[in-house]
Amino acid sequence: MKKLLLLGAFALLGGVAQAQEGFRLGGHIGAPLGDASDAASVTLGIDAAYMWNITKGLDIGATTGYSHFFGKDRFEDFGFVPIAASGKYTFAKIPLFVGLDLGAAISTKNYINSGLYVAPRVGYQMKKAELYIGFQNVSSKYKNRDFYWDRNDRFSFGAINFGANFFLN
Numbered sequence: 255m256k257k258l259l260l261l262g263a264f265a266l267l268g269g270v271a272q273a274q275e276g277f278r279l280g281g282h283i284g285a286p287l288g289d290a291s292d293a294a295s296v297t298l299g300i301d302a303a304y305m306w307n308i309t310k311g312l313d314i315g316a317t318t319g320y321s322h323f324f325g326k327d328r329f330e331d332f333g334f335v336p337i338a339a340s341g342k343y344t345f346a347k348i349p350l351f352v353g354l355d356l357g358a359a360i361s362t363k364n365y366i367n368s369g370l371y372v373a374p375r376v377g378y379q380m381k382k383a384e385l386y387i388g389f390q391n392v393s394s395k396y397k398n399r400d401f402y403w404d405r406n407d408r409f410s411f412g413a414i415n416f417g418a419n420f421f422l423n
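In the working numbering, the protein residues as written are 255 to 423.
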C-alpha cells in the first residue's frame, strides 16, 4: 500500500511539474509614497517568482524578493522581504497584463514589525520578459515609539515602481 501511495504521489508531482510555467526574475526602481516618502528618497529591489499556468492567460504562483528603501537626511536605510502569492492575467488580444501579489513582508529592521504586503501592477507582456508599473505597500506597526512617526503606531510604507522581469523557462 505504501508503494502505491508513493507511486501516486510521484505521478501527481510529475503532472504538476509538467504544468509549470517557470521562474520569473527581475528588478524594480521606485519612488517612496506615504510614510516612506518622509524617510526614504528611492527604493530598489529584486523580484523572484515561480509561476504555474492555470488556464489560458492566467498564471498563479509564489513570489519573494527584497525591496531596499534608501534613507534620507537623518534616517537609516530599511527594507522588506515579501513572501506572497502572485497572480497574473494576460489579455488574449493585446500584450498587456494585470497582476497582484498578496502576502507578508518581513522587515529587515528590528524597530519595524513585519506586515501585510500588497502589490498590484499592470504591464506590457513580451515573449521572454515583461515591463510593468506597480504599487507596492506594506502596512505594519512600530516596535519603538521613539522612532520618527510618533503620531500613531501604524504606518504604511509604499512605493510606485517601474520594473522588468525575465522568464527563465
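Beta carbons are placed, not taken as given, at the ideal position from N, Cα and C, and that holds for glycine.
- Secondary structure at ASP331: coil, using DSSP grouped into helix, strand and coil.
- Taking a contact as a CB-CB distance under 8 Å, the pair PHE351 and TYR343 counts as one, their CB atoms being some 6 Å apart.
- The Cβ-Cβ distance between TYR386 and VAL376 falls below 8 Å.
- Within the same chain, and ignoring the five residues on either side of SER340 in sequence, the residues whose Cβ sits closer than 6 Å to its Cβ are ALA303, GLY315, THR317 and ASP355.
- Considered as a whole, the region 295-361 harbours 312-325, 332-344 and 350-361 as its complete beta strand (DSSP E) runs of no fewer than 3 residues, in chain order.
- In terms of CA proximity to THR297, HIS282 leads the group THR362, HIS282, GLY311 and ALA418.
- Per DSSP, SER291 is one residue of the alpha helix (DSSP H) stretching across 289-293.
- About 6 Å separates the beta carbons of ALA413 and ALA285, which is inside the 8 Å limit, making them a contact pair.
- When the beta-carbon positions are compared, PHE277 and ASN415 stay at least 8 Å from each other.
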